[in-house]
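Asks:
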Amino acid sequence: MTARLRIEGLGAGYGGFGVLRSIDLAVGPGLTVILGPNGAGKTTLLKALAGLIPRTGTVLLDDTLLPVKQPGVAVRRGMALVAEGRQLFPQMTVTENLELGGWLAGKAERAARLRQAFEDFPRLAERAHQLAGTMSGGEQQMVAVARALMSGPRLLMLDEPSLGLAPRMVDELLAIARRIADAGTTVLLVEQNVRKALAVADHAHVLERGALVAGGPAAELARSDVIRQAYLGTAAAAP
Numbered sequence: 221m222t223a224r225l226r227i228e229g230l231g232a233g234y235g236g237f238g239v240l241r242s243i244d245l246a247v248g249p250g251l252t253v254i255l256g257p258n259g260a261g262k263t264t265l266l267k268a269l270a271g272l273i274p275r276t277g278t279v280l281l282d283d284t285l286l287p288v289k290q291p292g293v294a295v296r297r298g299m300a301l302v303a304e305g306r307q308l309f310p311q312m313t314v315t316e317n318l319e320l321g322g323w324l325a326g327k328a329e330r331a332a333r334l335r336q337a338f339e340d341f342p343r344l345a346e347r348a349h350q351l352a353g354t355m356s357g358g359e360q361q362m363v364a365v366a367r368a369l370m371s372g373p374r375l376l377m378l379d380e381p382s383l384g385l386a387p388r389m390v391d392e393l394l395a396i397a398r399r400i401a402d403a404g405t406t407v408l409l410v411e412q413n414v415r416k417a418l419a420v421a422d423h424a425h426v427l428e429r430g431a432l433v434a435g436g437p438a439a440e441l442a443r444s445d446v447i448r449q450a451y452l453g454t455a456a457a458a459p
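Mapping of the sequence shown onto the numbering used here: position 170 corresponds to residue 390, and the numbering continues sequentially without gaps.
1) Which residue wins for smallest C-alpha separation from L441, given the options R367, H423, G231?
2) Express the C-alpha separation of V253 and L172 in angstroms, rounding to a whole number.
3) Let's test the definition: count the other Cβ atoms within 10 Å of the Cβ of D283 and tell me whether it reaches 16, buried, or not, exposed.
4) Quick one: what's got a C-beta closer than 6 angstroms to R367's C-beta in the same chain, skipping five residues either side?
5) If you follow the alpha helix (DSSP H) that M389 is in, where does it begin and where does it stop?
6) Could you check what DSSP says for A457 in three-state terms: helix, strand or coil?
7) Can the beta-carbon of L230 be found closer than 9 angstroms to that of V279?
8) For A348, which residues does DSSP report across the bridge?
9) Label F237 either buried or exposed according to how many other C-beta atoms from any shown protein chain fall within 10 Å of its C-beta, with 16 as the threshold for buried.
10) For R306, collect the residues of the same chain with a Cβ closer than 7 angstroms to its Cβ; drop the 5 residues on either side in sequence, then sort them by chain order.
11) Just the Cα atoms here: how many angstroms apart are Q412 and A325?
12) Is the separation between the beta-carbon of A450 and that of L375 shorter than 9 angstroms?
13) Counting only the same chain and skipping the five closest in sequence on each side, list residues whose C-beta sits under 6 angstroms from that of D379.
14) Determine whether the beta carbon atoms of R269 and L225 lie at a separation below 9 angstroms.
15) By DSSP, does M362 sit in helix, in strand, or in coil?
16) Please list, in chain order, all residues of the same chain as T276 whose beta carbon is under 6 angstroms from its beta carbon, the five residues on each side excluded.
17) Report the option in L394, E428, V433 whose CA atom is closest to the CA atom of L418.
18) From the DSSP output, in three-state form, read off E228 for me.
19) Could you tell me the boundaries of the beta strand (DSSP E) in which R275 lies?
20) May I ask you to report which of helix, strand or coil DSSP gives G235?
21) Is the distance from the Cβ of G256 to the Cβ of E392 below 9 angstroms?
This is how it looks when you write it as structure tokens:
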């Protein structure tokens, strides 16, 4: 189930405006978090990897080249993205939203994955026939994660899953991400809650102004000044 992602010289942006430049990154089994201030390019990175926007450079998933701007190919190769804002179908039930996530699987496999999703997310099983748009923000985020897992990914990318959620729900969602990684799916997480993200991650990288400026074991970065420098400026670390 686990996947290895290798990125070499990746660049990406919008409408001719470059956001990312010369990104080199290796992501292995476990949970890796990408940190950085607003506008650093974190969401752009995930969109580029998923094939949603044009990119330059090379992206390899288990040594297999992923083509540019072909999200369907990325999904078939084992990559899934939970986008910022969840992107659910609000007038469809929880079950219907989940089934859409397994559209590439056969009927029997899709049914088996749905049963597994309800085992992994008991709260969603209780609300299987509820319209997704009537659920709380945290519950909707659970639906989004479970829907991504319905595709049977080996690499799951999560973009700001805690955005706008209460602290208790943030803890629950990050614990779910950790559990998914421990179960064998490689997880690449973009997260705004630095302290909590570092607490659950194995590895961390800091993105600043479109370039990676630091990386290593999450526990080491949590003890260093590099995070504070990236978010508050170099001068903030002086005291």
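Positions of the beta carbon are idealized from the N, C-alpha and C atoms, including for glycine. Nothing here was measured: the structure is a model prediction, and the numbers come from that model.
Replies: Per the coordinate set shown:
1) Out of R367, H423, G231, H423 has the C-alpha closest to the C-alpha of L441.
2) Residue 172 is absent from the model: the chain starts at 221 and stops at 459.
3) Around the C-beta of D283, fewer than 16 other C-beta atoms lie within 10 Å, and the residue is accordingly described as exposed.
4) Non-local C-beta neighbours of R367 in its own chain, meaning closer than 6 angstroms and more than five positions away in sequence, comprise N317, L318, G321, ordered along the chain.
5) Here the alpha helix (DSSP H) through M389 covers 387–402.
6) Caution is warranted here: a pLDDT of 41 is assigned to A457, below 50, making its placement in the model unreliable, and no coordinate value can be reported.
7) The answer is yes: Cβ separation under 9 angstroms.
8) Paired residues: none, contrary to the question.
9) Burial check for F237: the Cβ neighbour count within 10 Å stays below 16, so the residue is exposed.
10) A distance below 7 angstroms between beta-carbons, with the five flanking residues on each side excluded, links R306 to the following residues of its chain, in chain order: Q360, Q361, A364.
11) The C-alpha of Q412 lies about 33 angstroms from the C-alpha of A325.
12) No, Cβ-Cβ distance for A450 and L375 is not below 9 angstroms.
13) T263, L266, A303, E304, V410.
14) Inspection of the sequence shows that residue 269 is occupied by Leu rather than by Arg. Note that the C-beta distance between L269 and L225 is below 9 angstroms.
15) Here M362 carries a helix assignment [DSSP, helix/strand/coil].
16) In its chain, beyond the 5 residues on either side, G231 have a beta carbon closer than 6 angstroms to the beta carbon of T276.
17) Selected option, being the one with the closest Cα: L394.
18) Three-state result, E228: strand.
19) 275–281 is the extent of the beta strand (DSSP E) around R275.
20) Of the three classes helix, strand and coil, the one that applies to G235 here is coil, per DSSP.
21) No, they are not a contact pair.
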